[in-house]
Amino acid sequence: MSYEQEYSASINNPESFWADKARQLDWFTFPKTILGKDENGIDRWFVDGEMNTCHMALDANLAAGRGDQVAIYYDSPVTDTKQTITYAELTERVARFAGALQQQGVEKGDRVLIYMPMIPEAVVAMLACARLGAIHSVVFGGFAAHELAVRIDDAHPKVIVSASCGVEVSKVIEYKPLVDAAIEQATHKPAHCIVFQRPQVQATLIAGRDLDWNTAVAAAPLADCTPVLATDPLYVLYTSGTTGKPKGVVRDNGSHAVAMRYSMKAIYNMDPGDTFWAASDVGWVVGHSYIVYAPLLSGLSTVLYEGKPVRTPDAAAFWRVAEEYKVKGLFSAPTAFRAIKKEDPNAEGIKRHDLSSLETIFMAGERLDPPTYDWVRDITGLPVVDHWWQTETGWGICANLMGIDPKPCKPGSATLPSPGFDVRILDDNGNEVGPNEQGNVAIKLPLPPSCLPSIWGNHARFLAGYLEQFPGYYTSGDGGYKDEEGYVFIMGRTDDVINVAGHRLSTGEMEEVLAGHPAVAECAVIGIADDLKGQVPIGLVLLKDGVDIESDALNQELVARIRQDIGAVACLKNTLIAQRLPKTRSGKILRKLLRQIANGESYSIPSTIDDPASIPEIEVLLREKELVTG
1 MSYEQEYSAS
11 INNPESFWAD
21 KARQLDWFTF
31 PKTILGKDEN
41 GIDRWFVDGE
51 MNTCHMALDA
61 NLAAGRGDQV
71 AIYYDSPVTD
81 TKQTITYAEL
91 TERVARFAGA
101 LQQQGVEKGD
111 RVLIYMPMIP
121 EAVVAMLACA
131 RLGAIHSVVF
141 GGFAAHELAV
151 RIDDAHPKVI
161 VSASCGVEVS
171 KVIEYKPLVD
181 AAIEQATHKP
191 AHCIVFQRPQ
201 VQATLIAGRD
211 LDWNTAVAAA
221 PLADCTPVLA
231 TDPLYVLYTS
241 GTTGKPKGVV
251 RDNGSHAVAM
261 RYSMKAIYNM
271 DPGDTFWAAS
281 DVGWVVGHSY
291 IVYAPLLSGL
301 STVLYEGKPV
311 RTPDAAAFWR
321 VAEEYKVKGL
331 FSAPTAFRAI
341 KKEDPNAEGI
351 KRHDLSSLET
361 IFMAGERLDP
371 PTYDWVRDIT
381 GLPVVDHWWQ
391 TETGWGICAN
401 LMGIDPKPCK
411 PGSATLPSPG
421 FDVRILDDNG
431 NEVGPNEQGN
441 VAIKLPLPPS
451 CLPSIWGNHA
461 RFLAGYLEQF
471 PGYYTSGDGG
481 YKDEEGYVFI
491 MGRTDDVINV
501 AGHRLSTGEM
511 EEVLAGHPAV
521 AECAVIGIAD
531 DLKGQVPIGL
541 VLLKDGVDIE
551 SDALNQELVA
561 RIRQDIGAVA
571 CLKNTLIAQR
581 LPKTRSGKIL
591 RKLLRQIANG
601 ESYSIPSTID
611 DPASIPEIEV
621 LLREKELVTG
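Using full-length UniProt numbering, you'd call the opening residue of the sequence shown number 1 and step up by one each time.
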């Protein structure tokens with residue numbers, strides 16, 4: 001079937017389309033009502049279907065004869081540890097830990113907060129919750145105690161599952177003191193905390209509340225799968241919100257499973273027995289969707305990697321893992337490849353590895369700038385597929401369907417809307433705009449399976465944040481355009497559009513130009529207040545390793561590139577060389593925070609930041625150049 005036929009069927013006959021995809025999974029009771037409404041009037045998929053996500057991901061694979069196939073390749077260069085876990089072994093470990101959770105009173109609908117590093121026990125804990133019909137909420141290991149407390153008070157978990165520590169490239173982070181401090185700060189007090197002791201640190205357990213993982217598992221029976229409705233929640237995943245209060249994105253069981261299974265083949269072209277590697281963390285949506293659920297629901301082998309793209313031990317780490325486990329599809333954020341490019345600009349490391357198994361490299365999580373796209377494509381000789389999605393959707397809104405009908409890639413584009421996503425570009429009044437005209441990227445309702453039906457405990461916030469701006473549409477918060485062939489170009493968050501003397505300009509477009517300079521490894525463009533023009537852009541750039549260039553000379557060259565490619569109207573006159581840019585742990589540059597610093601506004605450092613020391617460095621740099629306007 002062509003892309004056009006597949007997409008048309010999903011938009012014109014959505015119930016028939018998704019019913020067909022749902023039949024690929026092993027339901028306890030197949031749904032009769034494919035699309036309905038809930039008590040809030042929100043579209044819901046497979047409303048009367050009964051199932052269990054863990055059963056579909058594990059037990060169904062055993063029934064299909066995959067018990068001896070590898071489910072998880074665990075690779076931890078930071079601890080020099082590797083494990084190979086089959087589907088049979090994983091099913092036994094999950095059922096046993098589910099039994100341990102049951103013994104602590106966890107039942108269907110209860111919440112379990114998981115605060116773990118990238119170790120197999122994190123995946124086991126997630127699947128064990130799913131097995132019981134409990135709702136897991138994974139919090140990125142190492143989050144500060146205050147932020148963890150906020151999530152405890154929002155989710156009200158009955159149990160917290162943690163580990164004694166996380167291991168980074170150059171340090172060990174003790175988790176248990178952070179968990180203890182968070183519970184102390186939180187109003188809600190979980191009944192129990194189960195702690196997996198790692199060799200690097202032995203955590204102190206509090207009698208009566210804390211249990212050792214191995215002790216709990218040794219005394220536990222094997223738990224069966226609990227039937228749940230398709231519309232029952234599988235997990236709550238917190239994402240940052242504009243109010244500063246985290247948003248708990250709710251993901252249901254049934255539609256999530258259907259979308260994961262479908263996308264694994266349609267977008268990533270993965271078949272049972274293949275190895276897929278999403279180089280992310282289970283604390284993020286990419287980890288939920290494409291380290292854990294989608295690969296296992298599809299009978300794949302998945303790579304669980306506790307390391308970095310660089311310095312574990314070098315910039316060839318990704319290529320080593322891809323070779324060792326015969327990875328067919330590799331998925332990571334563009335920032336990972338920019339880090340590799342910065343440390344190994346001539347790609348010497350890739351020459352040491354056989355990548356004959358690798359067919360496609362996928363990127364998402366932030367805008368893939370054309371220079372990074374070109375570099376990765378050139379050094380690998382492989383298709384580089386940019387796709388765009390959000391925590392709220394759980395899978396690609398726009399993508400290149402490599403398993404159905406691959407299209408030519410266009411640098412800077414996430415290709416075409418995925419089946420089920422009726423993507424429109426709207427002006428600020430809600431009117432659809434023409435080709436190559438930038439506007440608000442919105443999705444016409446109904447949303448396809450896997451998209452959030454609400455915010456945990458705050459449905460009004462869900463309506464206000466996503467559905468009220470343009471009635472009948474989901475508002476993505478991103479800006480972009482479609483070209484004359486329907487390819488979608490995401491240019492960044494709508495608040496990353498600046499107004500220079502009445503001209504609306506995309507900072508993403510300017511970043512694309514700056515990143516094309518041979519000395520630049522990475523960059524960010526922000527708008528700062530200007531009395532005459534309203535706003536003017538400034539650029540912050542990181543240099544590739546080994547590059548030696550005077551800042552004034554580089555500034556002149558970058559300004560000239562902007563004038564040539566965008567025009568004098570952009571008014572970019574200042575670019576600064578920075579040592580590092582403030583990013584979230586998932587690799588997104590904190591542009592809003594940079595704007596607040598440059599505009600002299602008060603700001604708070606978000607909990608998701610990877611390197612807090614980058615903030616004062618940037619502030620000093622801007623003040624030295626007299627570019628702080630407030």
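We put the beta carbon where it would ideally sit given N, CA and C, even for glycine.
For ALA259 and GLU626, the gap between their C-alpha atoms comes out near 50 angstroms.
When C-alpha distances from ALA515 are compared across ILE562, CYS398, GLN390 and SER476, the shortest belongs to ILE562.
In this chain, LEU296 is not harboured by any beta strand (DSSP E); it is covered by the alpha helix (DSSP H) spanning 294-297. Per DSSP, SER16 is one residue of the alpha helix (DSSP H) stretching across 14-22.
Listed in chain order, the non-local C-beta contacts of TYR238 below 6 angstroms within the same chain comprise ARG151, PRO246 and GLY248, local neighbours out to five positions each way being set aside.
CA-to-CA, the gap between SER255 and ARG585 works out to about 28 angstroms. With a 10 Å radius around the Cβ and a threshold of 16 neighbouring Cβ atoms, GLN104 comes out buried. In the DSSP assignment, CYS165 falls within the unbroken beta strand (DSSP E) covering 165-167. Less than 8 angstroms separates the beta-carbon of LEU35 from that of ASP43.
For GLY534, the enclosing beta strand (DSSP E) stretches over residues 534-543. Shown here for LYS407: same chain residues with a beta carbon closer than 7 angstroms to its own, the five before and five after excluded, namely TYR3, ASN400, THR415 and LEU416 in chain order.
Taking a contact as a CB-CB distance under 8 angstroms, the pair LEU572 and ALA524 does not count as one, their CB atoms being some 12 angstroms apart. For ARG461, there is no enclosing beta strand (DSSP E); the residue is part of the alpha helix (DSSP H) that begins and ends at 459-462. Note that the C-beta distance between THR475 and ALA442 is below 8 angstroms. Per the C-alpha coordinates, the member of SER604, ILE597, TYR603 and THR360 positioned closest to VAL628 is ILE597.
Judged by DSSP in its simplified three-state form, VAL159 adopts strand. Between the alpha carbons of ALA464 and TYR473 lies a gap of roughly 12 angstroms. The region 342-370 is shown to contain whole beta strand (DSSP E) runs of 3 or more residues at 360-363, in chain order.
In this structure, the alpha-carbon of ASP232 lies about 30 angstroms from that of GLY403. Within its own chain, the residues whose Cβ lies closer than 7 angstroms to the Cβ of GLN579, once the five positions on either side in sequence are excluded, are GLU617, listed in chain order.
In its chain, beyond the 5 residues on either side, ILE114, MET116 and VAL282 have a beta carbon closer than 7 angstroms to the beta carbon of ALA122. Counting C-beta atoms within 10 angstroms of its own C-beta, GLU509 has 16 or more neighbours from the protein chains shown and is therefore classed as buried. One Cα belongs to TYR7, the other to LYS265, and the distance between them is close to 15 angstroms. Of the residues assessed, GLN564 falls on the exposed side of the cut-off, its CB having fewer than 16 other CB atoms within 10 angstroms.
Take the alpha-carbon of GLY394 and the one of ILE350: they are about 31 angstroms apart.
By the neighbour-count definition (other C-beta atoms within 10 Å, threshold 16), ALA207 is an exposed residue. Between GLY479 and SER506, the gap from beta carbon to beta carbon is short of 8 angstroms. In the structure shown, the three-state DSSP call for CYS193 is strand. Shown here for ALA145: same chain residues with a beta carbon closer than 6 angstroms to its own, the five before and five after excluded, namely LEU178, ALA181 and ALA182 in chain order.
Following the DSSP letters along the chain, one finds ASN555 inside the alpha helix (DSSP H) bounded by residues 551-565.
Pairing ALA130 with VAL112 gives a Cβ-Cβ distance that is not under 8 angstroms. In terms of Cβ geometry, SER289 and LYS328 do not form a close pair [threshold 8 angstroms]. Taking each of ILE490, LYS444 and GLU468 in turn and checking the Cα distance to GLN438, the smallest one comes out for ILE490.
Under the three-state reduction of DSSP, HIS288 is assigned to helix. Taking all protein chains in view, the Cβ of LYS21 is crowded by 16 or more other Cβ atoms within 10 Å, so the residue is classified as buried. Within the region 16-99, complete alpha helix (DSSP H) segments of at least 4 residues are found at 60-63, given in chain order.
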